[in-house]
Amino acid sequence: MCWGTPAIVIDVDEIRMNAKVDFGDGVVREAAIGISEERVSKGDIVIVHAGIIISKFTEEGVKEQIMFFKELLGDEAEEIIGIYENLLELARALKGVERGE
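Here the sequence shown is numbered in our numbering, starting from 162 and rising by one per residue.
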């Protein structure tokens, strides 16, 4: 089992098989695209482990994680929930989806 961190794809370089990603903190970093069965696109929510994109993550998956952290940590989950909510907003903005949908 490995520990992965959710991030949003900001840009994709298909030739180099790299993507620029944001982990919800506003800092853009590079990650290698390590999944071959799925195409990675701008605005996708992905899981990154050791600088490699290992899978895609759905908006519903992010919402489930938010609920999990709320149940597990209560008020102490505020900071991590804020990061996950930033990820959702950024993904929607990059995909051109209106807020609240």
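C-beta: ideal position from N, C-alpha, C; glycine also. Just so it is clear, the structure is predicted and the values come from calculations on it, not from any experiment.
Going by DSSP, R200 is part of no beta strand (DSSP E) at all; its letter is neither H nor E. CA-to-CA, the gap between D172 and K231 works out to about 31 Å. Between I206 and A252, the C-beta gap is smaller than 9 Å, which places the two residues in contact.
A distance below 9 Å separates the beta carbons of G212 and E191.
Residues H210 of the same chain have their beta carbon placed closer than 8 Å to that of W164, with the five preceding and five following residues left out of the count.
Straight-line spacing of the CA atoms in R177 and Y245 works out to 28 Å.
When rounded, the separation of the alpha-carbon atoms in I214 and I169 is 10 Å.
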